[in-house]
Amino acid sequence: VLGLVLVVIGLVMLAAQRLGFLSWLGRLPGDIRMEGRNWSFYFPLTTCILLSALLTLLVALVRLFSGR
Numbered sequence: 925v926l927g928l929v930l931v932v933i934g935l936v937m938l939a940a941q942r943l944g945f946l947s948w949l950g951r952l953p954g955d956i957r958m959e960g961r962n963w964s965f966y967f968p969l970t971t972c973i974l975l976s977a978l979l980t981l982l983v984a985l986v987r988l989f990s991g992r
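See the structure below:
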């Protein structure tokens, strides 16, 4: 069930980004981007922290309303 939820969330985020919503996601201040002549490195640190906080809040709300 969790896998299906993650797939749906991923598809919604992909569709939203292609339509122009969430275009800021992955380009937040604190996301690390380094580029050289023949290489590039990108790590969305702030985006990861934000998504982690939102998912933690979502799980807490689900547990609260499910009676656990």
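Residue numbers for the sequence shown follow this note's numbering, beginning at 925 and rising by one. Heads up, the beta-carbon is just placed ideally off N, CA and C, and yes, glycines get one too. Quick caveat: nothing in here was measured; it's all calculated off a predicted structure.
Item checked: Proximity winner among Leu969, Trp948, Gly944, relative to isoleucine 956 (alpha-carbon distances) -> Leu969
Next item on the list: Spell out the partners DSSP gives arginine 961 in its beta bridges.
Entry: According to DSSP, which records beta bridges pairwise, arginine 961 is partnered with nothing at all.
Notebook entry, point to check: For the alpha helix (DSSP H) that contains serine 976, what are its first and last residues?
Noted result: 969 to 990
Next item on the list: If I'm right that methionine 937 touches leucine 928 with Cβ under 8 Å, what's the distance once you round it to whole angstroms?
Entry: The pair is not a contact, with the Cβ atoms about 15 Å apart (cut-off 8 Å).
Next item on the list: Please list, in chain order, all residues of the same chain as methionine 958 whose beta carbon is under 6 Å from its beta carbon, the five residues on each side excluded.
Entry: Result list for methionine 958: Phe965, in chain order.
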